[in-house]
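S.K.: Just so we're aligned: the sequence shown equals residues 646 to 1092 in the working numbering.
Note that beta-carbon positions come from the ideal geometry of N, C-alpha and C, so glycine has one too.
Here it is, the structure, as structure tokens.
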Amino acid sequence: MRIVIVGAGKLGFQLADFLSKENFDIVLIDHEAAQLEAAKNSLDVLTINANGASPITMEDPDVAGADVLIAVTASDEVNMVCSILAKKHGIAHTVARIRDMQFISEAKDYLKENFDIDLMLNPELITAGEINRILMTPAALNVEDFAHGKVRLFETKVRRKSPYANVPFKNLRLPDGVLAGMIFRDHNMIIPHGDDCLMTHDNAYFIGLPDAIETFSKNFVRRDAKKLERAMVIGAGRTGRALASMLDLQKVHVKVIDIDPERCRLMSQKLTDGIAICGDGTNIDLLLEEGIDSADVVVCLTEDDKLNLMLALLAKHLNAKRTVVRVARNEYVDLMEKVGVDVVVSARLLTAGEVLAFVRRGGVARVSLLEGAKAEAVEVIVQEGAPVAGKKLMDATLPRECLVCAYVRDDTAYIPKGNTVLLPGDRAILFIRTPKSIKVMEYFRGG
646 MRIVIVGAGK
656 LGFQLADFLS
666 KENFDIVLID
676 HEAAQLEAAK
686 NSLDVLTINA
696 NGASPITMED
706 PDVAGADVLI
716 AVTASDEVNM
726 VCSILAKKHG
736 IAHTVARIRD
746 MQFISEAKDY
756 LKENFDIDLM
766 LNPELITAGE
776 INRILMTPAA
786 LNVEDFAHGK
796 VRLFETKVRR
806 KSPYANVPFK
816 NLRLPDGVLA
826 GMIFRDHNMI
836 IPHGDDCLMT
846 HDNAYFIGLP
856 DAIETFSKNF
866 VRRDAKKLER
876 AMVIGAGRTG
886 RALASMLDLQ
896 KVHVKVIDID
906 PERCRLMSQK
916 LTDGIAICGD
926 GTNIDLLLEE
936 GIDSADVVVC
946 LTEDDKLNLM
956 LALLAKHLNA
966 KRTVVRVARN
976 EYVDLMEKVG
986 VDVVVSARLL
996 TAGEVLAFVR
1006 RGGVARVSLL
1016 EGAKAEAVEV
1026 IVQEGAPVAG
1036 KKLMDATLPR
1046 ECLVCAYVRD
1056 DTAYIPKGNT
1066 VLLPGDRAIL
1076 FIRTPKSIKV
1086 MEYFRGG
């Protein structure tokens, strides 16, 4: 499959990197030659220095015969034009980054119907939704829903005095409807077996029925934790405004700090109970005056990763109970977690997961990249004639780097066992070590 990516900025480069590693034939286009240099030197992709929104570029043989076009330039309007031209030049599927919240909220259906856009990406809205889900689950580092909300993934950090630590899984009594799916320890992915056990500081992934997961997650909440009531958001950009609005609707009192008066004005129009404060988020006196020490969480959402890290550490120093940081560079995730940031969210990884689910097709409905893209949680629809269909899971010879941790049949979710038989049409949720994802997907595709 050939995929054309228009826009070689940070997101475009990241998508080209992921997709080229999955053996897709990638063409990366940008009108600025300097933007293409990094891709030329480090990625196995074809680069074209041209205007991606030009009919002349679309007539290039390397472009016109493509299967998918992904437009992620800095301009929403350019991305729309690219999508229209792509369809007119025989490219069957289009993906466009649309960052304007008004387009997404008021004209999404119109854009799909009249601009031939199959998938619209709004990284800021995706990130805000992810942070909101995490904040609403007190012990979570990550929360993901699959199969239209029938299955939930819950990631947490194993604390020193956890009753689940140092107990072999064969002796661990997990509630009905909950499965221990994966452990990340010292950057290594472990699919747990009977003799394995959770250890202090592990990142543990559980998956199961939403109600069972919600009840089970309370076992990992600190005794002094309480319901989220007060949040401080530093940065009133698109992500900050979207998140603050979500929290405000859930009756969380939000204080949003940004140095830009126009952003604060836009923010104030969206809040009913919260307030927008025009000021410097690095000003200690301002943070103390606005009660950072009484905030249940401080969320750092400026456009600068290093500034977000500094703000989170400053918040911890001023006794903030919990910190959340949004990063652009994936390599910063491990660093931030090591120095004490509670939750780190990568906007690029979240967006890349949406694109991977779209371009893989073959029944793939959802992809969530975990642990800096070292592992994946994938929702896949079992196809007629697939190697795994009609066999007991214990006999399906799936790679060891894969675990089928839940499936949905006739709108009912189940936790599988060794003698479970998957049928065509079932939605299976898998944990996979990322380098093995291509091999694993073949087991669920039709002949």
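(1) So, helix, strand or coil for residue 851, using DSSP?
(2) Per the DSSP calculation, residue 912 is bridged to which residue(s)?
(3) With a threshold of 6 Å on Cβ separation, who are the neighbours of residue 1046 within its own chain once the five nearest residues in sequence on each side are excluded?
(4) Pick from 716, 808 and 659: whose alpha carbon is nearest that of residue 676?
(5) Going residue by residue through the segment 780-864, where are the continuous alpha helix (DSSP H) segments of at least 4 residues, counting only ones entirely within it?
(6) Hey, would you say residue 851 sits closer than 9 Å to residue 823, going by beta carbons?
(7) Closest by CA to residue 916, which one among 1037, 1068, 1074 and 894?
(8) Might you give, ordered along the chain, the residues of its own chain that have their beta carbon closer than 7 Å to the beta carbon of residue 653, omitting 5 neighbours on each side?
(9) For residue 784 and residue 820, which I take to be in contact (beta-carbon distance under 8 Å), what is that distance rounded to the nearest angstrom?
(10) Tell me whether residue 659 is buried or exposed, calling it buried when 16 or more other Cβ atoms sit within 10 Å of its Cβ.
(11) For the candidate residues 838, 1039, 1051 and 1089, whose alpha-carbon lies nearest to that of residue 1030?
(12) Determine the DSSP secondary structure at residue 900, reduced to helix, strand or coil.
(13) Which ranges would you report for the beta strand (DSSP E) in the segment 691-756 if only whole runs of at least 3 residues count?
(14) Less than 9 Å between the beta carbons of residue 989 and residue 958, yes or no?
(15) On the criterion of 16 or more Cβ atoms from any shown chain inside 10 Å, does residue 809 qualify as buried, or is it exposed?
(16) Taking the runs of the alpha helix (DSSP H) that are 4 residues or longer, which of them lie wholly in the segment 1003-1087?
(17) Report yes or no: do the segment 958-971 and the segment 999-1010 share at least 3 C-beta pairs separated by less than 8 Å?
(18) Per DSSP, which one or two residues make a beta bridge with residue 674?
M.R.: In brief:
(1) strand
(2) In DSSP, residue 912 forms no bridge with anything.
(3) 1078 and 1081
(4) 716
(5) DSSP runs (the alpha helix (DSSP H)) wholly in the segment 780-864: 855-862.
(6) yes
(7) Residue 916 has its Cα closest to that of 894, out of 1037, 1068, 1074 and 894.
(8) 673, 675, 680, 681 and 684.
(9) Between residue 820 and residue 784 the Cβ distance is about 15 Å, and since that is not below 8 Å, they are no contact.
(10) buried
(11) Sorting 838, 1039, 1051 and 1089 by C-alpha distance to the C-alpha of residue 1030 places 1089 at the top.
(12) Here residue 900 sits in strand by DSSP.
(13) 691-694, 713-716 and 738-742
(14) no
(15) buried
(16) Taken in chain order, the complete alpha helix (DSSP H) segments of 4 or more residues contained in the segment 1003-1087 are 1082-1086.
(17) no
(18) 651 and 693
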